[in-house]
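Student: One structure follows; several queries about it will come next.
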Amino acid sequence: MAGRPTSPLGDEIVARIHRLAAISEAADNLTRIFLTGEHRAAADLIMNWMVEAGMSARLDAIGNVCGRYEGEHPGLPCLMLGSHYDTVRDAGKWDGPLGLITAISCVAELNRRGRRLPFAIEVIGFADEEGVRFASTLLGSRAVAGTFDERVLSTRDAAGISMREALVQFGLDPDHIGAAARVRDELLGYVEVHIEQGPVLEARNLAVGVVSAIAGATRLAARLTGMAGHAGTVPMALRRDALAGAAECISLIEQLCREDDGGLVGTVGYIQAAPGATNVIPGQAHFTIDMRAPTDERRNRSVAEMVRRIEAVAKRRNLELQLDVTHENRTVPCAPWLKTQLAEAVAAEGYSAFELPSGAGHDGMAMVDVTDVAMLFVRCRGGISHHPAEHVEASDADAGARVLLRLIENFRARQP
Ligand code: GLV
Ligand code: MN
Ligand code: MN
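Under the numbering used here, think of the first position of the sequence shown as 6, with each following residue one higher.
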């Protein structure tokens with residue numbers, strides 16, 4: 006196309022994004038869930054790309070794909086790069102795969118040039134960041150960081166299969182997840198490229214941005230129990246309708262977040278009611294809550310206020326309430342020394358080194374327990390994410406790859 010900038014790495018990345026996106030449980034949308042046949046097929050494809058790029062490749066004890074490109078000598082500590090390759094349901098193609106594929110393309114470029122560095126590079130594709138199948142999230146990166154909570158092995162998916170059973174069916178040994186953990190001395194840092202998933206870079210006409218911090222999140226599961234009954238005979242005042250109670254809770258969560266002027270966001274993304282018939286008053290309702298804020302203090306305060314309001318609704322409606330925290334992550338600042346090197350690479354590629362926070366969660370939130378983390382955001386069209394319309398221009402994917410490659414080539418380990 007006339008006038009279109011050439012994007013050699015970007016074009017390769019885009020082609021691979023589409024190839025990986027073809028691995029989905031559904032023909033008409035992209036859904037790739039932890040410990041499924043699609044997880045296996047995607048892992049095989051990614052490992053092939055890693056080997057082609059000059060890396061050794063393996064699957065670790067939780068199902069992460071791990072590639073290693075040795076430095077000037079075998080066995081040197083590594084700079085770790087990567088992202089996740091699981092998706093939400095009816096997902097976009099870029100959330101996760103962009104960072105993983107970009108990292109592989111950078112290593113492939115070094116390999117083509119015959120370049121070895123005074124450190125190794127490892128590229129990791131995390132098996133579960135989205136937490137779609139089991140209530141818990143960041144499973145792949147927590148295993149690598151050595152913070153995997155073995156109690157989640159007994160959680161069950163919607164079909165009643167426990168994580169322990171799913172790991173065995175996949176061919177992994179749930180009793181050896183500890184083998185995926187890395188030690189601090191092996192890692193020089195973790196750097197992830199990711200689509201912004203928001204509109205800020207686009208509004209500022211910037212292809213890339215350096216992430217300042219990853220906002221914390223709290224997720225809860227709420228279960229309201231009332232009394233099922235006949236839709237025609239029970240007067241309104243005598244009902245214990247669990248779904249109507251849930252609806253009131255959902256509205257109050259939205260209101261609480263709208264009242265807040267400090268960036269508090271809350272989402273009820275899943276709801277189920279039972280017994281589920283037109284002419285039966287719902288006796289049970291189950292829904293999830295996801296709350297995030299730019300600071301932990303604000304999030305914790307808001308979660309406590311939300312719990313108080315939900316308890317009041319349950320009491321007034323005479324419903325039993327069970328509220329469990331299923332996931333909690335503090336806000337993770339990116340390491341200043343790594344941010345500085347990323348900003349230098351951004352500037353050297355001719356972009357302005359703009360910093361922005363991440364409202365979305367990322368594997369760095371877990372990796373920070375074992376090494377310093379930094380992230381580079383790439384602009385996405387309309388800020389749309391967790392949606393099939395998610396889109397990145399090849400020239401922006403190229404910009405992200407060039408910045409990452411420059412970071413790698415000029416990387417200086419943190420001075421003790
Ligand atoms: C991950 O995509 C999250 O922020 O929920
Ligand atoms: Mn996501
Ligand atoms: Mn992601």
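Where a beta carbon is used, it is the ideal one built from N, C-alpha and C, also for glycine.
Computed from a predicted model, the values in this text were never measured in an experiment.
1. Hey, which residues come within less than 5 Å of ligand 1, measuring from Cβ to any heavy atom, in chain order?
2. Please state whether the Cβ-Cβ distance between Ala186 and Val149 is less than 8 Å.
3. I'd like to check one pair, Arg304 with Arg314: are the Cβ atoms closer than 8 Å?
4. Would you tell me roughly how many angstroms separate the C-alpha atoms of Leu146 and Ala278, rounded to the nearest one?
5. Measuring from the CB of Glu395, is there a heavy atom of ligand 3 at a distance below 7 Å?
6. Check Gly145 in the structure and name its three-state DSSP category.
7. Less than 8 Å between the C-beta atoms of Ile276 and Val239, yes or no?
8. Sorted by chain position, which residues of the same chain lie with C-beta nearer than 6 Å to Leu172's C-beta, five sequence neighbours on each side aside?
9. Please output, in chain order, the residues near ligand 2 using a CB cut-off of less than 6 Å to any non-hydrogen atom of the ligand.
10. Can you tell me which of the three DSSP states Arg499 falls into?
11. Under the rule that 16 or more other beta-carbon atoms within 10 Å means buried, what is Val378, buried or exposed?
12. Let me check understanding here. Comparing Cα to Cα, which of Arg24, Gly250, Pro204 lies closest to Glu316?
13. With a threshold of 7 Å (Cβ to nearest heavy atom), would His89 be considered close to ligand 3?
14. Using DSSP with H/G/I as helix, E/B as strand and the rest coil, what is Asp91?
15. What whole-angstrom Cβ distance do Ala365 and Gln202 have, given they're in contact under 8 Å?
16. Using DSSP with H/G/I as helix, E/B as strand and the rest coil, what is Glu197?
17. According to the Cβ coordinates, are Val312 and Ala350 closer than 8 Å?
18. Return the CA-CA distance between Phe416 and Ile28, expressed in angstroms with no decimal places.
19. Compute the Euclidean distance between the alpha carbons of Arg411 and Ala163, then round it to the nearest angstrom.
20. Report yes if the C-beta of His44 is less than 7 Å from at least one heavy atom of ligand 3; otherwise report no.
21. Skipping 5 residues on each side, what residues in its chain have a beta carbon closer than 8 Å to that of Leu35?
22. Please report the straight-line C-alpha distance between Gly281 and Asp246, rounded to a whole angstrom.
23. Per DSSP, Gln289 forms a beta bridge with which residues?
24. Check each candidate in Asn210, Gly59, Gly130 and name the one with the smallest Cα separation from Phe39.
25. If we count the other Cβ atoms within 10 Å of its Cβ and call it buried at 16 or more, is Gly15 buried or exposed?
26. For Ile258, which residues in the same chain have their Cβ closer than 7 Å to its Cβ, ignoring the five residues on either side in sequence?
27. For Leu243, count neighbouring C-beta atoms within 10 Å of its own C-beta (all shown protein chains included) and say buried if the count is 16 or more, exposed if not.
28. My assumption, with CB atoms under 8 Å, is that Leu192 sits in contact with Val375. Please give the rounded CB distance.
29. Is any heavy atom in ligand 3 found nearer than 7 Å to the beta carbon of His23?
30. For His235, verify whether its CB is less than 7 Å away from any heavy atom of ligand 3.
31. Please work out which residues of its chain come closer than 7 Å, Cβ to Cβ, to Ser307, disregarding the five sequence neighbours upstream and downstream, and give them in chain order.
Tutor: A quick look at the data gives this:
1. Ala365, Gly366
2. yes
3. no
4. Strictly speaking, residue 146 in this sequence is Ser, with Leu absent from that position. In a straight line, the C-alpha of Ser146 is about 33 Å away from that of Ala278.
5. no
6. helix
7. no
8. Pro179
9. Val93, Asp100, Glu135, His391
10. Here the chain comprises residues numbered 6 to 421, so residue 499 is not present and cannot be evaluated.
11. buried
12. Gly250
13. yes
14. coil
15. 5 Å
16. strand
17. no
18. 34 Å
19. 44 Å
20. no
21. Ala26, Ser29, Thr92, Asp95, Ala96, Gly97, Lys98, Pro393
22. 12 Å
23. Thr230, Ala279
24. Gly130
25. buried
26. Gly271, Val273, Ile294, Met311
27. exposed
28. 6 Å
29. no
30. no
31. Leu261, Asp265, Leu269, Met296, Ala298
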